[in-house]
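A.B. asks: The structure follows.
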Amino acid sequence: MSDQPRVFLVDDHELMRAGIRAEISGSVTIIGEADEVAAAIDLIGERCPDVVLLDVHLPHGGGLMVLREVHRTNPEIRFLALSVSDASEDVISIVRAGARGYVTKNISGTELIEAIMRVAAGDAVFSPRLAGFVLDAFAGSKGEDFVASLDVELDQLTPRERQVLRLIARGYAYRDIAGELGISTKTVESHVSSVLRKLQLSNRHQLTNWASERDLG
Amino acid sequence: MPVTTADRPTLGTPQRPFRRSRENAVLGGVAGGIAIRFGVSERTIRILFALGALAGGVGLLAYVTTWITVRRSGEDQSIIERLTRHEKQRHTIFVIFIAIVVTLMLFHSIGLHQLGSFAWTVALSVIGLFAVWRGTSADERAGIDATISAAPILAHTPTSRRALAARVLAGAVLIIIGLVVLSRVGGIWGAAVPSLLGAITLLGGLLILLAPWWLETVRDLSHERRERVRAEERATMVAHLHDSVLQTLTLIERSAGDEQAVRRFARGQERELRKWLFDPNHAGEASNQVETVSTVAKRIEAEVEDDYGVRVELVIVGDCAVDEHLLAMLAAGKEAAVNAAKWSGAPIVSIYIEVEPELITMFIRDTGTGFDTTQVASDRHGIAWSIRGRMDQHGGRTVVKSELGSGTEIELAIPRRKL
Chain R
264 MSDQPRVFLV DDHELMRAGI RAEISGSVTI IGEADEVAAA IDLIGERCPD VVLLDVHLPH
324 GGGLMVLREV HRTNPEIRFL ALSVSDASED VISIVRAGAR GYVTKNISGT ELIEAIMRVA
384 AGDAVFSPRL AGFVLDAFAG SKGEDFVASL DVELDQLTPR ERQVLRLIAR GYAYRDIAGE
444 LGISTKTVES HVSSVLRKLQ LSNRHQLTNW ASERDLG
Chain B
850 MPVTTADRPT LGTPQRPFRR SRENAVLGGV AGGIAIRFGV SERTIRILFA LGALAGGVGL
910 LAYVTTWITV RRSGEDQSII ERLTRHEKQR HTIFVIFIAI VVTLMLFHSI GLHQLGSFAW
970 TVALSVIGLF AVWRGTSADE RAGIDATISA APILAHTPTS RRALAARVLA GAVLIIIGLV
1030 VLSRVGGIWG AAVPSLLGAI TLLGGLLILL APWWLETVRD LSHERRERVR AEERATMVAH
1090 LHDSVLQTLT LIERSAGDEQ AVRRFARGQE RELRKWLFDP NHAGEASNQV ETVSTVAKRI
1150 EAEVEDDYGV RVELVIVGDC AVDEHLLAML AAGKEAAVNA AKWSGAPIVS IYIEVEPELI
1210 TMFIRDTGTG FDTTQVASDR HGIAWSIRGR MDQHGGRTVV KSELGSGTEI ELAIPRRKL
């Protein structure tokens, strides 16, 4: 029991919470739920879960506010963002604010459990769509943004990272990617984590535009 | 995208971006916003504005300008952005501007030129306040309304005869004093001080005399307009919900036994609602839009989902207009997706399209049963040929990878031709 990750659930829809609870409760320990921003911030701070499953769209400030407030005091708590939205700015801003991953709500139960485990272990989780956004945001890195970027290393993806993201976007699971590229799953995870780091630290204008619009720049 | 800023300034810590404060506001939240932005006390900023207002009205003008050009915390448009969206509004603003300039020139020619710079700044500020009145969000307007209603003297419509008399008397006395002071400009005080005092007294008198009735009219007008806009919005929303969501729910109820149909209806409705909510171009003008890779691909996603009851996970990186070669590739890709939906047994078909400067690639993947690429059944052979044949004809290439038990992936690529 004790090695199951302790998960906290934040979603304003009772039905959605019930559905998620039913799907994951066998494999993780759910230590609390909240349906609004203020309660979520208090309870998460109190119970210190391993992973917070966070709905991006909450009334009164959104998941972004929960994430920022919790990270101010407990930066070690990991967040996995859940959303029904496809809007790139939602996704990018929550990930830039510090979420370890992003999945859409129509994800299957087993995939969700796998994603939680991965985040609990400190790795990153990208949905195909997030991988697409990131490729889009980091596209055209040869030259056109060269002048604007001070930190070239942060503002570009390595060819390997690009390859990994492409495979995620094509619908490959991590172990399929490992098989395809002839590397270990651990290496795939470290590539994805490195992309996450660049996503959070890079100043590429496309990212900062999305983010500064939401006061993250 | 709306941005919400902090409620209070943190002294010594500037915070970005600059927004008018929502919580920390007396009128427009300008001083509060500046205080938060630069991390100083809002009282300092307010005193600076007040001093600036005495210096030829500059502070007043600066305040009003900031009010209309800077977005309020949590809102996605500034007052001026909201106003200039409509041509008609722009015309109104222009006409008022001209009217005020003409009035000032008239004043000038009948000898009231002593008013000088003060009159100009006040006049411009009045235009600004008019803009505020027309362009604030409903939420902010409610706040201002409350502030004005709470103001002493100004806001209460006189109910008794005595109150009315007192108001008229006070107003008239102030107006007369103001006019007297203004007419004696010059002498030992010079021009600036008396004209300032006179103008303030005159304005005060006018306000006391007329404010209650004016406010009432303004409130009624804006209230009525707001109601009308709200009713229109509601009607559009109701029409949409009825046409799409209600219809689909009925369909789902009627086919409750058929799992595949239910899933198909739900997915179709989800797609449509998403488009309605998140796509700014949904307002029916799709027909004269240029067809691009992404519009065609989204249509393919919808068709395959509708016809075969699978989920299509579509990811597109980059975009460009389509030509006949690209259309051929997308058609071949659709064929592949239909194949996957029909034969593989997998619940999800992934489509990934990447538009690069020289090359466009498309991957169609499922994690279903797969097949042996060397021994294809004759019907599947035909379909594979129709994919490959199409691609060859347009100078593209096709790679089919499949393994029994772990799925199939088809890769299509075509060089990009400059249009």
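Same order as they appear, the protein sequences are chains R and B.
In terms of the working numbering, the first sequence has 351 at position 88, counting the first letter as 1, and numbering is strictly consecutive.
In terms of the working numbering, the second sequence has 1095 at position 246, counting the first letter as 1, and numbering is strictly consecutive.
Ideal Cβ placement from N, Cα and C applies to all residues, glycine included.
No experiment lies behind these values; they were computed from the predicted model shown.
List the residues that DSSP assigns as beta-bridge partners of B:M1211.
C.D. replies: Note: B:M1211 sits in a beta bridge opposite B:I1202, B:L1261.
A.B. asks: Hey, R:V329 and R:I370: beta-carbon distance below 8 Å or not?
C.D. replies: For R:V329 and R:I370, no; Cβs fall outside 8 Å.
A.B. asks: How many Å lie between B:A1177 and B:S1251 at the Cα?
C.D. replies: Cα to Cα, the separation comes out at about 23 Å.
A.B. asks: Hey, which unbroken runs of the alpha helix (DSSP H) at 4 residues or more fall wholly within the segment 1103 to 1181 of chain B?
C.D. replies: Correct list: 1108 to 1127, 1142 to 1157.
A.B. asks: Just to confirm before moving on: does the CB-CB distance between B:P858 and B:V889 stay below 8 Å?
C.D. replies: It is a contact, given that the beta carbons lie within the stated cut-off.
A.B. asks: Closer than 8 Å by beta-carbon distance: list the chain B residues that pair up with R:D399, in chain order.
C.D. replies: Those are V1166, G1167, listed as they occur along chain B.
A.B. asks: Return the residue from the list B:E1258, B:P1264, B:R1265, B:I1263 that minimises the CA-CA distance to R:D439.
C.D. replies: Closest option to R:D439, Cα to Cα, is B:E1258.
A.B. asks: If we require 4 or more residues per run, which alpha helix (DSSP H) segments fall completely within the segment 1011 to 1095 of chain B?
C.D. replies: DSSP runs (the alpha helix (DSSP H)) wholly in the segment 1011 to 1095 of chain B: 1041 to 1089.
A.B. asks: Our contact map puts B:T1200 next to B:A1186 with C-beta atoms below 8 Å; I'd like the distance itself, whole angstroms only.
C.D. replies: The sequence shown places Ile at residue 1200 of chain B, rather than the Thr named in the question. So it is a contact: roughly 6 Å between Cβ atoms.
A.B. asks: Tell me, please, whether the CB atom of R:R392 is closer than 8 Å to any CB atom in chain B?
C.D. replies: It does: the Cβ of R:R392 has a partner Cβ on chain B nearer than 8 Å.
A.B. asks: Going by DSSP, what residue range makes up the alpha helix (DSSP H) through B:L912?
C.D. replies: Per the sequence shown, residue 912 of chain B should be read as Tyr rather than Leu. Counting along the chain, the alpha helix (DSSP H) containing B:Y912 begins and ends at 907 to 918.
A.B. asks: Should the segment 375 to 390 of chain R be regarded as contacting the segment 345 to 364 of chain R, the criterion being three or more beta carbon pairs within less than 8 Å?
C.D. replies: Because the criterion of three Cβ pairs below 8 Å is met, the segment 375 to 390 of chain R and the segment 345 to 364 of chain R touch.
A.B. asks: Helix, strand or coil for R:S351? Go by DSSP, reduced to three states.
C.D. replies: In the structure shown, R:S351 sits in a helix (DSSP, three-state: H, G or I).
A.B. asks: What residues match up with B:S1251 in a beta bridge as DSSP calls it?
C.D. replies: Looking at the DSSP assignment, B:S1251 forms a beta bridge with B:T1257.
A.B. asks: Name, going along the chain, the residues of the segment 418 to 435 of chain R whose beta-carbon falls closer than 8 Å to a beta-carbon of chain B.
C.D. replies: Listed by position, the residues of the segment 418 to 435 of chain R near chain B (Cβ gap below 8 Å) are R429, A432, R433, G434, Y435.
A.B. asks: Taking the continuous alpha helix (DSSP H) assigned at B:G888, which residues delimit it?
C.D. replies: Run containing B:G888: none; DSSP gives neither H nor E here.
A.B. asks: Rounded to a whole number of angstroms, what is the C-alpha to C-alpha distance between B:L1095 and R:V273?
C.D. replies: Roughly 29 Å separates the two Cα atoms.
A.B. asks: Between the beta-carbon of R:I287 and the beta-carbon of R:I379, is there less than 8 Å?
C.D. replies: Contact flag set, yes.
A.B. asks: What residues in the segment 283 to 297 of chain R bring their beta carbon closer than 9 Å to a beta carbon of chain B?
C.D. replies: Cβ contacts with chain B: none found.
A.B. asks: So, using beta-carbon positions, are B:R868 and B:G882 closer together than 8 Å?
C.D. replies: Yes, these two residues count as a Cβ contact at 8 Å.
A.B. asks: Ignore the nearest five residues each way along the sequence and tell me which others in R:I293's own chain have a CB closer than 7 Å to its CB.
C.D. replies: Contacts found: V270, L272, R284.
A.B. asks: Return the CA-CA distance between B:L973 and B:I993, expressed in angstroms with no decimal places.
C.D. replies: About 20 Å.
A.B. asks: Check whether the Cβ of R:G395 lies closer than 8 Å to any Cβ atom in chain B.
C.D. replies: Yes, because at least one Cβ of chain B sits closer than 8 Å to the Cβ of R:G395.
A.B. asks: Is it true that the CB of B:T853 sits closer than 8 Å to the CB of B:I798?
C.D. replies: Limits of chain B in this structure are 850 at one end and 1268 at the other, which puts residue 798 of chain B out of reach.
A.B. asks: Look up R:L343 in the DSSP assignment and give the residues it is bridged to.
C.D. replies: Paired residue(s): R:L316, R:G364.
A.B. asks: Taking CB distances under 8 Å as the criterion, tell me whether R:G402 reaches chain B.
C.D. replies: The identity of residue 402 of chain R in the sequence shown is Ala, whereas the question assumes Gly. Closer than 8 Å: yes.
A.B. asks: For B:A1132 and B:S1071, what's the separation of their Cα atoms in angstroms?
C.D. replies: The predicted model places B:A1132 with a pLDDT of 48, which falls under 50 and marks its position as unreliable, so this point remains unresolved.
A.B. asks: Which residue or residues does DSSP assign as beta-bridge partners of B:F898?
C.D. replies: Beta-bridge pairing links B:F898 to no other residue.
A.B. asks: Is the segment 436 to 454 of chain R close to the segment 338 to 348 of chain R, with three or more CB pairs under 8 Å?
C.D. replies: Not touching, per the Cβ criterion.
A.B. asks: Alpha helix (DSSP H) containing R:Q442: first to last residue?
C.D. replies: The sequence as given places Gly at residue 442 of chain R; Gln does not occur at that position. Note, R:G442: alpha helix (DSSP H), 437 to 444.
A.B. asks: List, in chain order, every chain R residue whose beta-carbon is nearer than 7 Å to that of B:S974.
C.D. replies: Under the 7 Å cutoff, chain R gives no residues; its nearest Cβ is about 30 Å from B:S974.
A.B. asks: Which residue or residues does DSSP assign as beta-bridge partners of R:E272?
C.D. replies: For clarity, residue 272 of chain R is Leu in the given sequence; the question names Glu instead. DSSP output for R:L272 lists R:E296, R:L316 as bridge partner(s).
A.B. asks: Based on the DSSP secondary-structure assignment, which residues constitute the bridge partners of R:F389?
C.D. replies: In the DSSP output, where bridge partners are listed per residue, R:F389 has R:Y365.
A.B. asks: Are B:G805 and B:D1215 close, meaning C-beta to C-beta below 8 Å?
C.D. replies: No answer is possible for residue 805 of chain B: it lies beyond the span of chain B, which begins at 850 and ends at 1268.
A.B. asks: Between R:L321 and the rest of its own chain, which residues show a CB-CB distance below 6 Å, the 5 nearest in sequence each way excluded?
C.D. replies: Closer than 6 Å at the Cβ level, and outside the excluded window around R:L321, lie D275, V300.
A.B. asks: Taking 8 Å as the threshold (C-beta atoms), are B:T970 and B:L909 in contact?
C.D. replies: Yes; because the gap between Cβ atoms is below 8 Å, this pair is in contact.
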